[in-house]
C-alpha cells in the first residue's frame with residue numbers, strides 16, 4: 002500500500018521516462034519489466050507503488066507554502082521543516098467578502114476592509130511533514146509561491 006497514493010495512468014504516462022530510469026536504478030531492464038507485468042501483477046503493482054511514493058516524496062519535500070481559500074476566509078501556510086505557520090484573513094461577521102475572487106484578495110491584502118481580521122498561529126507537525134502536507138493537499142490546499150503568505154504577514 003503506498004504511503005501517499007498511486008499515480009494515475011495519465012500521471013504514469015507523463016512520467017514514463019522517470020519510471021524507466023527508476024526501474025533501471027533498481028536493476029530492472031525493459032524486458033524484465035515486461036515479464037514482471039505479465040507474470041507477477043503483484044510485484045508490478047508494488048513497483049508502481051514504490052515509484053509513486055518516490056514521486057510524491059520529491060514533490061512534497063520541495064513545498065514551502067500552501068493556501069486554502071474559501072468564500073469567507075483564506076489560510077496561507079508556510080511549511081517549515083518542523084512546523085506549519087498559518088496566517089489567516091477572515092471576516093469578523095457576515096460581511097460581503099469573497100476570498101475565491103483573486104481581485105478581492107489582492108485588494109484586501111493592500112487595504113483590508115474594516116470587518117476583516119488577520120491572525121497567525123503555528124503548530125508542529127502531528128505526522129511526518131510530507132504526510133501532513135499531502136493530507137492538506139488532499140483536503141483542498143493548493144501549492145503556493147508564498148506571495149499571499151507574505152502579503153498577509155505585512156497586515157499583522
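In the working numbering, the protein residues as written are 2 to 157. Glycine is no exception: its CB is placed at the ideal position from the N, C-alpha and C atoms.
Counting along the chain, residue 9 sits inside no beta strand (DSSP E), nor does DSSP assign it H or E at all.
A straight line joining the alpha-carbon of residue 23 with that of residue 52 spans about 7 Å.
The beta carbons of residue 87 and residue 110 sit no closer together than 8 Å.
Secondary structure at residue 53: helix, using DSSP grouped into helix, strand and coil. For residue 6, the closest alpha carbon among the candidates 156, 107, 92 and 47 is that of 47. In the three-state DSSP reduction, residue 2 falls in the coil class, being neither helix nor strand.
DSSP, reduced to helix, strand and coil, places residue 122 within a strand of the structure shown. Here DSSP, grouped into helix, strand and coil, assigns residue 67 to strand.
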